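**Q** Note that the protein sequences, when read in sequence, are chains H and U. Numbering-wise, the first sequence is residues 4 to 321 according to the working numbering. Numbering-wise, the second sequence is residues 27 to 291 according to the working numbering. Glycine residues also receive a C-beta, built at the ideal position from the N, C-alpha and C atoms. Here the structure is a predicted model, which is why all the values come from computation and not from measurement.
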Amino acid sequence: MDDNGFEVNELIKRFGRTTAVGGVTLAAPRGRVLGLLGPNGAGKTTVVRVLATLLRPDAGEVRVAGIDVRRDPGRARRRIALSGQHTSVDDELSGRSNLVMIGRLLDLGRRDARRRADELLSRFGLDDAADRPVATYSGGMRRRLDLAAALVGRPEVVFLDEPSVGLDPGGREELWQMIRGLARDGVTVLLTTQYLEEADALADEITVLDHGRVIASGTPADLKREVGGHTIALRPADAADLDRAAAIVARVTGREPDRSRRHGLVAPVAGDAEFFEITARLHGSGIDVGELAFRLPSLDEVFLSLTGAPATDTEEAA
Amino acid sequence: MTTTFPRTTGPRRLATLRHSAVLARRSLAKTTRNPGPVVNGVVTPALFMVLFLYLFGRPVAGTTADYLQYLFPGILVMGAGLAGMISTGSAINLDLKNGVTDRFRSLPISRTAPLLGSVMADILRYTVAVAVLFGLGALLGFRVRGGVLDALGAAGLAILFGFCLSWVTVYIGVLVKSADAVLAVGFVAFLPLQLGSSLAAPIETLPGWLRAWADVNPVTHVMDACRALLNGTAPAGSVGLTLLWSAALFAVFCPLAVRAYGRQE
Ligand SMILES: Nc1ncnc2c1ncn2[C@@H]1O[C@H](COP(=O)(O)OP(=O)(O)O)[C@@H](O)[C@H]1O
Ligand SMILES: [Mg+2]
């Protein structure tokens, strides 16, 4: 038995003269979450669509659940599910009818399809809205329903293409919990995202894609080691306190913070203990804080350190 | 790891039909929430019926009653054609655009099923349109002068032709970039196809250029056939030509649409 939930070897996919994916290799062991991180136009959706049997690769080997998707797409479709970049549930129908319909298309009997829909509706916190048209749902509810629709057939491998786009922080947090739940159930997940934070929160391994090529891969810890871990960004309420604040940060982290940004300072910190230490000392010295953040490098910063160039195209997804 | 995949109900062989029926129900359920296209499929022909009746009734046939006997069968054909000409193609186009088709294509169902389902739902919509138009026609004074079987045959021909014609719009719906474009194509095709026919007056009475077109327009044959069957006169070759045209449209455009829809880039 194959141990990978899915694997892609030297995948090439062109659209006319554009090479969307130019030789990508990635794999996830069964039951793991692989994060595919990259800016707009990197080729994430193309990789997902090839894996989901929607696009035919020009070259390379593509397997899901051990099945070669080029040779046997029909069999592969019984093991996979897709929740695309845009949700694909029917606005005019209720959440329940959407799920029952998918169940019927998967050859569940009428009663089984209803039971499966009920199960998923309650698992995704949609019982109360089950009989309302999806048009009345919030963005987070739509996304959860879309994910539920993907799970009706109990897939072994699930492809999630930028699932958190357009969600508010609360909705995103709920979605993340659902995705963690999937992994706990042994489902292999491919998750694409433009946010290192999201990949870090969910993925066992991360592959960074740019211009259709893999530019880095490893566990989130590996990647953070390579690109730098958390940073603290701080702006005292009173600009006159800047020097004192910088001195505190330097004492705790052992190096001088970057003061090149206007009104503030940024410094790498080795974990949240240092962060709390800094905040405690600021408080102790009576420095009022205007802005304070503990964060991972942005995608731009990741790209800067991996390639020496900023991410190519970070405008809002179309 | 073991996974339990849902057990199959019913024979595999019928799977495509079963899946199409599920998707036809989806399409009809959407119609009940958004009945615009169906209403359009009844209201537009009904408006033409009333308009032509009072505009051309006397000049063409002497009395509006006689003219209605001439006009109504063509209106019926327009109703069956219109309900699907526009709605199927744009619905399929919307599904392609907003990712619904991606989901269907990643399910283990035949790639024909979504198209067939949509067209099956249309047949039901045509049937409703035809029934409502029969009711309106009767209110205005139309009387079926052929037998019951002839009348059913006329309705059947109109629906059959609408079904076959809808594969043209399905094909367009798969090819073009936006649902608006499907509507535009449908609207542009509507005028010559439905009006450039024997709808309002016998083609012998039309001006030369229009007559030349109406002569080759398959819709003319369908209207002639329905007119003959509903009025109890001899349909001559029109029934055969209707069947031939229907078969030809279906044979060309159904495979084209299915292929374009199922194609992987
Ligand atoms: N159907 C298509 N036709 C032509 N070009 C495409 C098509 N799909 C994607 N591309 C191009 O391929 C590249 C990768 O796109 P995509 O996989 O959508 O990237 P991402 O999902 O990472 O934003 C882009 O340059 C995009 O313009
Ligand atoms: Mg994308």
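Could you tell me the alpha carbon to alpha carbon distance between leucine 150/H and methionine 181/H, rounded to whole angstroms?
**A** Position 147 of the first sequence holds residue 150/H. Position 178 of the first sequence holds residue 181/H. The alpha-carbon atoms of leucine 150/H and methionine 181/H are separated by roughly 9 Å.
**Q** What does the alpha-carbon distance come out to for the pair alanine 243/H and valine 269/H?
**A** For the purposes of this step, residue 243/H is taken as the residue at position 240 of the first sequence. For the purposes of this step, residue 269/H is taken as the residue at position 266 of the first sequence. Looking at the two C-alpha atoms, the distance is approximately 17 Å.
**Q** Measure the alpha-carbon distance for histidine 266/H versus arginine 228/H and round it to whole angstroms.
**A** Position 263 of the first sequence, counted from the first residue, corresponds to residue 266/H. Position 225 of the first sequence, counted from the first residue, corresponds to residue 228/H. Going by the C-alpha atoms only, they are around 28 Å apart.
**Q** Distance, Cα to Cα, glycine 215/H vs glutamate 64/H?
**A** To locate residue 215/H, count along the first sequence from 1; it is residue 212. To locate residue 64/H, count along the first sequence from 1; it is residue 61. Taking the straight line joining both Cα atoms gives about 16 Å.
**Q** So that I know if they touch, is there some Cβ in chain H lying closer than 7 Å to that of valine 86/U?
**A** Working through the second sequence from its first residue, we reach residue 86/U at position 60. Chain H contact via Cβ: absent.
**Q** Quick check: the stretch 233-251 of chain H against the stretch 283-292 of chain H, are there 3 or more CB pairs under 8 Å?
**A** The answer is yes - the stretch 283-292 of chain H touches the stretch 233-251 of chain H, with three or more Cβ pairs under 8 Å.
**Q** Tell me which residues share the same chain as tyrosine 252/U and place their Cβ nearer than 7 Å to its Cβ, disregarding the 5 neighbours each side in the sequence.
**A** In the second sequence, counting from the first residue as 1, residue 252/U sits at position 226. Looking at the sequence shown, residue 252/U is not tyrosine but cysteine. These residues qualify, in order along the chain: Pro99, Leu102, Val103, Ala180, Leu183 and Ala184.
**Q** In chain H, which residues lie with their C-beta within 7 Å of the C-beta of threonine 134/U?
**A** Here residue 134/U is taken as the residue at index 108 of the second sequence, counted from 1. The sequence given here places proline at residue 134/U; threonine does not occur at that position. Per Cβ cutoff of 7 Å: Gly77, Arg80 and Arg81.
**Q** Taking only beta-carbon atoms, is leucine 39/H less than 7 Å away from chain U?
**A** In the first sequence, counting from the first residue as 1, residue 39/H sits at position 36. So, not an interface residue.
**Q** Could you name the residues of the stretch 238-267 of chain U whose beta carbon sits closer than 7 Å to any beta carbon of chain H, in the order they occur along the chain?
**A** So the list is empty, because no residue satisfies the distance condition.
**Q** Tell me whether alanine 157/U is buried or exposed, calling it buried when 16 or more other Cβ atoms sit within 10 Å of its Cβ.
**A** Mapped onto the second sequence, residue 157/U falls at position 131. It is exposed - the Cβ of alanine 157/U has fewer than 16 other Cβ atoms within 10 Å.
**Q** Use the C-beta contact count for glycine 234/U: other C-beta atoms within 10 angstroms, 16 or more gives buried, fewer gives exposed.
**A** As a first step, residue 234/U is located in the second sequence; it is residue number 208 there, counting from the start. With fewer than 16 Cβ atoms within 10 Å of its Cβ, glycine 234/U is classed as exposed.
**Q** Give the secondary structure of asparagine 243/U by DSSP, where H, G and I count as helix, E and B as strand, and everything else as coil.
**A** In the second sequence, the residue the question calls residue 243/U occupies position 217. Asparagine 243/U falls in the coil class under three-state DSSP.
**Q** Please identify the residue among Val284/U, Ser113/U, Leu209/U and Val48/U whose C-alpha is closest to the C-alpha of leucine 108/H.
**A** Locating residue 108/H in the first sequence gives position 105, where the first residue counts as 1. The option with the nearest alpha carbon to leucine 108/H is Val48/U.
**Q** Does threonine 30/U come out as helix, strand or coil in the three-state DSSP assignment?
**A** On the second sequence, position 4 is the one that residue 30/U refers to. In this prediction, threonine 30/U scores a pLDDT of 45, lower than 50, which makes its location untrustworthy; no coordinate-derived value is stated.
**Q** For alanine 274/U, which option in Phe187/U, Ala240/U, Phe74/U and Asn66/U has the closest C-alpha, if you only look at C-alpha atoms?
**A** As a first step, residue 274/U is located in the second sequence; it is residue number 248 there, counting from the start. Of the listed residues, the one whose Cα sits closest to alanine 274/U is Phe187/U.
**Q** Using a Cβ cut-off of 8 Å, pull out every chain U residue sitting near histidine 89/H, in sequence order please.
**A** Counting from one through the first sequence, the residue named residue 89/H turns up at place 86. The contacting residues are Asn124 and Gly125.
**Q** Using the Cβ count rule (16 or more neighbours within 10 Å means buried), how would you classify serine 308/H?
**A** Here residue 308/H refers to the residue found at position 305 of the first sequence. The residue in question, serine 308/H, is exposed, as its Cβ has fewer than 16 Cβ neighbours within 10 Å.
**Q** Go to proline 71/U, then tell me how far its alpha helix (DSSP H) extends in each direction, as first and last residue.
**A** Position 45 of the second sequence, counted from the start, is the residue given in the question as residue 71/U. Element bounds for proline 71/U: 62-87.
**Q** Where does histidine 286/H land, buried or exposed, given buried means 16+ other C-beta within 10 angstroms?
**A** Position 283 of the first sequence holds residue 286/H. Exposed, since its Cβ has fewer than 16 Cβ neighbours within 10 Å.
**Q** Between glutamine 197/H and ligand 2, is the CB less than 6 Å from at least one heavy atom?
**A** By 1-based counting over the first sequence, the position of residue 197/H is 194. No, the beta carbon of glutamine 197/H sits no closer than 6 Å to any heavy atom of ligand 2.
**Q** Look at the Cβ atom of glycine 38/H, then the Cβ atom of alanine 276/H, and state whether they are nearer than 7 Å.
**A** The residue you call residue 38/H lines up with position 35 of the first sequence. The residue you call residue 276/H lines up with position 273 of the first sequence. No, the pair does not count as a contact, with Cβ atoms beyond the cut-off.
**Q** DSSP state of valine 92/H, grouped into three classes?
**A** Counted from its first residue, the first sequence places residue 92/H at position 89. Coil at valine 92/H, not helix or strand.
**Q** Could you check what DSSP says for isoleucine 83/H in three-state terms: helix, strand or coil?
**A** The sequence position of residue 83/H within the first sequence is 80, counting from 1. Residue state, collapsed to three classes: strand.
**Q** Which of the residues in the stretch 48-73 of chain U, read from start to end, lie with their CB under 7 Å from any CB of chain H?
**A** Here the close residues are Val48, Arg52, Ala55, Lys56, Arg59 and Asn60.
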